[in-house]
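Participant: Handing you this structure, nothing more for now.
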């Protein structure tokens, strides 16, 4: 792709708006824009047409296709950067570590610690934000870069939604048909957690798992997405474990049960996750128990 983009840039450097080279480059850039930005064909056409429209407006001043050329150069920069990261990472990490999961969480450190203990009880290795930053090997990485590296290193991202903030609409914005959670102070996850959840879904929705603990305000842009409501029951812990590919050699698997063709993970019985050490684990389906 990089060689082809370089050829397009060379054509545009000698082209004038509307000539043959310009039109060839414009048509070719739609395809490459779609690949570089991972977008739909109409979105790519719209971006390229916008640059061409700007060139048309400036044509009476200067026939040079500055806007389309700038778009092509920007695409080449992104393509080179993506290729460089991919080559570096390919030599370091061929496949995600099946035992690692990246966890995004808020301020509630007790719930975080309890949840981490639960993940460790089923032989998973949770990665925190600070650890994910180190994976980028840069001093000040942006969020997208952190998530890219987290996906490369781990098999899933779990977003832990806890009611750390209290929010409601301002009085002047409330409508009569608004639900109570818009009118009264209601628990909500921290803004950075919601933002990182959106980024994770944008990067890889199939590997992003939303887990809510407590009563949190719903957010409309996630409508239709399944949110796991975690409590201390074995059934809800099983629901958290179900989307994650767990190595049977490293987890407490019930020797008796399968659910929808999947092995059943035994969950710790104690009332708090903090008691994981030396806890008795139980199968939610057949109630088989085993102490570790």
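Numbering (the working numbering), first residue to last: 2 to 293. Glycine included, C-beta positions come from ideal geometry on N, C-alpha and C. Since the structure is predicted, the reported quantities are computational estimates derived from the model, not experimental observations.
#1: Closest to residue 117 by C-alpha separation, out of 144, 159, 139 and 153, would be which residue?
#2: Is residue 127 near residue 105, with beta carbons less than 7 Å apart?
#3: Please go through the same chain and pick out, in chain order, the residues whose beta-carbon is closer than 8 Å to the beta-carbon of residue 89, but skip the five residues on each side of it.
#4: Buried or exposed for residue 170, please, with buried defined as at least 16 other CB atoms from any protein chain shown within 10 angstroms of its CB.
#5: Do residue 156 and residue 99 have their C-beta atoms within less than 7 Å of each other?
#6: Please list the terminal residues of the continuous alpha helix (DSSP H) segment that includes residue 148.
#7: In the DSSP assignment, what are the bridge partners of residue 209?
#8: What does the Cβ neighbour count give for residue 250, buried or exposed, with the cut at 16 atoms within 10 Å?
#9: Indicate whether residue 218 and residue 187 have their beta-carbon atoms separated by less than 7 Å.
#10: Cβ of residue 154 within 7 Å of Cβ of residue 136?
#11: Roughly how many angstroms separate the alpha carbons of residue 12 and residue 22, rounded to a whole number?
#12: Could you tell me the alpha carbon to alpha carbon distance between residue 74 and residue 18, rounded to whole angstroms?
#13: How many Å lie between residue 119 and residue 237 at the Cα?
#14: Closer than 8 Å by C-beta to residue 167: which residues in its own chain qualify, once you throw out the five before and the five after it? Chain order, please.
Facilitator: In brief:
#1: On the chain shown, residue 117 is found 116 positions in, with the first residue counted as 1. Closest by alpha carbon: 159.
#2: The count along the chain shown starts at 1 and reaches residue 127 at position 126. The count along the chain shown starts at 1 and reaches residue 105 at position 104. Not in contact: residue 127 and residue 105 (Cβ atoms no closer than 7 Å).
#3: Within the chain shown, the letter at position 88 stands for residue 89. At residue 89 the pLDDT is 47, less than 50, meaning the model places this residue with poor confidence; the figure from the coordinates comes in the next sentence. The same chain holds no residue with a CB closer than 8 Å to that of residue 89 once the five nearest residues on each side in sequence are set aside.
#4: In the chain shown, counting from the first residue as 1, residue 170 sits at position 169. Around the beta carbon of residue 170, a 10 Å sphere encloses fewer than 16 other beta carbons of the protein chains shown; the residue is thus reported as exposed.
#5: Within the chain shown, numbered from 1, the residue matching residue 156 stands at position 155. Within the chain shown, numbered from 1, the residue matching residue 99 stands at position 98. Contact: yes.
#6: Counting from one through the chain shown, the residue named residue 148 turns up at place 147. It spans 144-154 - the alpha helix (DSSP H) in which residue 148 sits, taken as one unbroken run.
#7: Within the chain shown, numbered from 1, the residue matching residue 209 stands at position 208. Under the DSSP definition of a beta bridge, residue 209 partners with 158.
#8: On the chain shown, position 249 is the one that residue 250 refers to. Legend: pLDDT at residue 250 = 49, less than 50; position of this residue unreliable, no value from coordinates given.
#9: Start at 1 with the first residue of the chain shown, and residue 218 comes out as number 217. Start at 1 with the first residue of the chain shown, and residue 187 comes out as number 186. It is a contact, given that the beta carbons lie within the stated cut-off.
#10: The sequence position of residue 154 within the chain shown is 153, counting from 1. The sequence position of residue 136 within the chain shown is 135, counting from 1. Contact: yes.
#11: Within the chain shown, numbered from 1, the residue matching residue 12 stands at position 11. Within the chain shown, numbered from 1, the residue matching residue 22 stands at position 21. The straight-line gap from Cα to Cα measures roughly 6 Å.
#12: Your numbering for residue 74 matches position 73 in the chain shown. Your numbering for residue 18 matches position 17 in the chain shown. Each residue's Cα considered, the two are about 17 Å apart.
#13: For the purposes of this step, residue 119 is taken as the residue at position 118 of the chain shown. For the purposes of this step, residue 237 is taken as the residue at position 236 of the chain shown. Rounded to whole angstroms, the separation of the alpha carbons of residue 237 and residue 119 is 12 Å.
#14: Here residue 167 refers to the residue found at position 166 when the chain shown is read from its first residue. So the qualifying residues of the chain are 186, 187, 188 and 189.
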